[in-house]
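Sequential numbering from 480 applies to the sequence shown in my numbering. Each residue gets a CB set at the ideal place from its N, CA and C atoms; glycine is no exception. Quantities reported herein were computed from a predicted structural model and do not represent experimental measurements. Written out below as structure tokens is the structure these notes cover.
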Amino acid sequence: MKLFLKIAAALIALLLLIVIIVVTFIDPNDYKQQIQDQVKKSVNRDLVITGDLSWSLYPLLGFQSGQITLFNSPGFTEKTLLNVKETAISISVLPLLKGKLEVGEIILDGVEFNLITNKDGLSNLDNLQPEETTDTANAPEEETSTQDPSAPSDPLDLSQFVLSGLSITNAQLKVIDHQKGETQEVDINSMTLSEFAFDQTAHFSLNSTLKNAQVEADISLETDLFVDAALNVVELTNLTIESDVLADALSGSTLNTKFKSGLKYQVGTKQLDIKAITINNQFSGAFLEGDIYINSSDINIKDHSQLTLGKLIMTSSLTGSSLDNNKLETNLQTNLAADINKKTATINKFELKNTITGEQIQGNVNLSFKQMNVSNFEKIIINQFKMVSELNAPSISKEKINSTISSEINYDLAKQKLSLNKLQTTVNDIELGGELSFIQQAVPVIRYNLKGNVWDLNPYLASSTTTESSNKNEEARKSGEKAPTTEKEVEPDLSSLKTLDIKGDLSIAGVLYQDIKIGKITNNLTVKDGRATLKPLTAKLYDGSLNIDAWVDESGGKNTYKATTSISNITLIQLLKDTAQVDLLSGTANMNLVASGQGLTATKIQQGIVAKGDFKILDGELYGINLSHEIRVLKAKIQGKTIAPDKLVKKTDFASLLGDFTVEKGIANNQKLTMLSPVIRLDGTGIANTIEQTIDYKLGVTPLSKTDESTSYVDLNGISIPLRIKGTFTKPTFALDTEGALKAQIDATKKAVKDKAEQVIKDKAKDILSGKKISKGDLKEEAKDLEKTLKSLFN
């Protein structure tokens, strides 16, 4: 036995002597070239060792190197794949002989790693494999060794593993994509781990920086790490992550985030417990100022699948230019339970409360639902969804705006379909409800069927300043002065019509807009392939009805349109008063109009619309002139009499007013206008300039005789009195030329008497020359006929 111990001691002494000789007399730097050649064969990249290599034996078996560089293959602008300034690693010798692995501090300094994609889409990690030579290509495959289960286990006891520490400094990772022109950079300023051993707590810290074109962030992490010897429990305690972010999206504001939590994972039970989370986000800057605070209860995950979050609370208080310098305060409360294996999730409470305070808007917006259920991770059902708001917005409404949206919501992830059932929305007294669905695909599909009550829009109209500005422009136009500069008109972009598929029905009980009153409105809207079609739109309008079939087409940005409109049995006077503050005509109106054009700015519609139509107004009045009274005045003048001025409203009753018209370049051309009444007939033509809002009509008024209570529609004396209507739509002027008509009639009668007298004389002269006897009685009879003709001139 003693001999055996002596031999063993001698062998160990010999081994140590050999190692000492090797370490003392063999310089590892002499093998740099062999190392570089071997790396070239192994990874097909050039390795250059520019620093010194050294090793140590006792009490630590260690290795240390200077700068080492691994180069990229040709074809990359950046030459370096990996660069390390300094590395050091060591293992304690004596504990190793006892089966314990004690590793000294691992040191890495100045590590630079570049992950690059060139313009051709090739990565610098492609072909990172051994060079294929004839020997390696023909080498037989190595047999896979199988370990005998009865063989002795690893002599090292990993439960006794000790790491004195880890130190990584000045490390950098760059991800460069030349195809996209993007660069991401992660700098690890320092990463340290204190002495680590199983069943003991070690401290870990990280200090890093993230940079790219949009974001620059400083990130630090601190935690205590615990791993038990059985490798069954891994625990992070006092986990703290803090970051400072400067991003383009924040427009100069900065975001400081502090995250605190902890976690414990048990391998045997597959359970992860995450301690209560707190996240404090603080924004600083003119764009966004304030904080967002998030707090949760413990999060439990069992069997890698069952997640339970008892409570999640978020509160915030924000202001800044991104919120139009309003102040927004938010409070959110919810929970979550999910089972990954069963593909289910449930939220039993969701409440989001928002309060906004500012000069232009103040109030509350609250959102909630009773429950959300997710099945098969595809179908989402939200019960009793509700959004309630109460806002003061003087620029939108003189009154407080109280709104509510409630619905049952279904979302099918597989079909990408969202359905809003039992939808009910209210804005003060305005209501709209029904069904709506949305399918997300290349061309989104929207379907709806909605009904509303009477909508009074007046509380939401712009303030009177807009009307005052419009009136000033009109006054400037009339006076010839230059109107104030207005914003340049922009043609609407209807390209979105090509990306939508919409079809639905809308019914509204009525609309009140300023003084305009519209009854029940129904319409069917279709949007497809760049065209929106209303067919039909019907409305009850001033005791009558309106029917419109219309479409508008994107037409490659040209925006073409066409509308076919019919109006039936509308009470005209009230319509004109409410829509244009004009009381020119009354009666029951009917009209047909077909209009088309290109361009949807106000100017393009006015100047570019081409239309053709006809109208018929029955049992009405033309206000501004009493033609019957003017004719009575004319007759009185003829008889040398006078009539007292008409103190009643100046208007002309008529049985019918008919006309045809066309519209082009802003000019409505009324080619035929006929008005009939029991005592007069009016005929003529005229134009209406819709751009200048002026009219110019040249008409003829013909008095009609009355044999009894019915009208015979026969000219009394053949007189046609010129009537000129000129001026603006709101203030037309009427000019009835009775003097000119009377003079024309007298001249015509004189000529008729003269012609008849000449004819009588000719006839009598002919009789005398022919020898025919003319009696005194015949002469008296001819004289009486001439007397009657003369009397008709003045009577």
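Anticipated Cβ contact below 8 Å, residue i with residue j, distance rounded
i       : j       : result
Leu892  : Phe917  : With a Cβ gap of about 13 Å, Leu892 and Phe917 do not count as contacting.
Phe864  : Ile888  : 5 Å
Ser1047 : Ser1065 : No, Ser1047 and Ser1065 are not in contact; Cβ-Cβ is about 17 Å, not under 8 Å.
Ile773  : Met793  : 5 Å
Ala567  : Ile586  : 4 Å
Leu704  : Phe683  : 5 Å
Gln839  : Ser874  : 6 Å
C-alpha gap between residue i and residue j, whole angstroms
i       : j       : result
Lys961  : Lys967  : Reliability fails at Lys961, whose pLDDT of 48 lies under 50, so the model's placement of it is uncertain and no value is given.
Lys511  : Glu565  : 16 Å
Leu788  : Asp782  : 15 Å
Glu674  : Leu831  : 47 Å
Leu991  : Phe766  : 40 Å
Thr1067 : Asp1022 : 9 Å
Lys485  : Phe542  : Residue confidence is low: Lys485 scores 45 on pLDDT, short of 50, so the model does not pin down where it sits. No coordinate-derived value is stated.
Ala1147 : Thr1043 : 17 Å
Asn1071 : Ser1045 : 5 Å
Val712  : Ile753  : 14 Å
Thr688  : Thr836  : 37 Å
Leu672  : Thr719  : 15 Å
Asn1168 : Leu1016 : 28 Å
Asp422  : Gly747  : Outside the modelled stretch of the chain, which goes from 480 to 1274, sits residue 422, for which no answer is possible.
Ala696  : Asn760  : 14 Å
Thr1082 : Gly1035 : 20 Å
Ile861  : Ser646  : 51 Å
Thr1212 : Lys1019 : 33 Å
Gly764  : Thr809  : 19 Å
Counted within 10 angstroms of its Cβ, other Cβ atoms place residue i as buried (16 or more) or exposed
i       : result
Ser854  : exposed
Ile1204 : buried
Thr1131 : buried
Asn804  : exposed
Val590  : buried
Ser1156 : buried
Thr529  : exposed
Thr556  : exposed
Pro1182 : buried
Ile1170 : exposed
Glu970  : exposed
Leu453  : Given a span of 480 to 1274 for the chain in the structure shown, any question on residue 453 remains unanswerable.
Ala728  : exposed
Ser730  : exposed
Gly1078 : buried
Gly1076 : buried
Gly1099 : buried
Which listed residue (the options) has its alpha carbon closest to that of residue i
i       : options                               : result
His1108 : Ile1088, Val1180 and Thr1044          : Val1180
Ile758  : Ala709, Phe1140, Ser775 and Gly747    : Ser775
Arg1111 : Ala1167, Ile1200 and Glu914           : Ile1200
Gly460  : Asp1175, Leu1215, Asp1216 and Leu1183 : The structure shown does not extend to residue 460, since the chain is modelled only from 480 to 1274, so the question has no answer here.
Val1031 : Ser986, Ala696 and Lys977             : Lys977
Phe550  : Thr1141, Ser1034, Ser646 and Phe592   : Phe592
Lys737  : Gly1138, Pro609 and Ser699            : Ser699
Val922  : Met866, Phe762 and Ser975             : Ser975
Glu910  : Ser876, Asn881, Tyr890 and Gln920     : Asn881
Gln750  : Ile778, Asp723 and Ser740             : Ile778
Gly644  : Leu652, Lys653 and Gly583             : Gly583
Simplified DSSP state of residue i, which is helix, strand or coil
i       : result
Arg524  : coil
Ile1052 : helix
His682  : strand
Ser1045 : strand
Glu808  : strand
Tyr1040 : strand
Thr978  : helix
Ser643  : coil
Asn508  : helix
Tyr992  : strand
Ala755  : coil
Gly554  : coil
Asn937  : helix
Glu1109 : helix
Ile720  : strand
Gly530  : coil
Gly545  : coil
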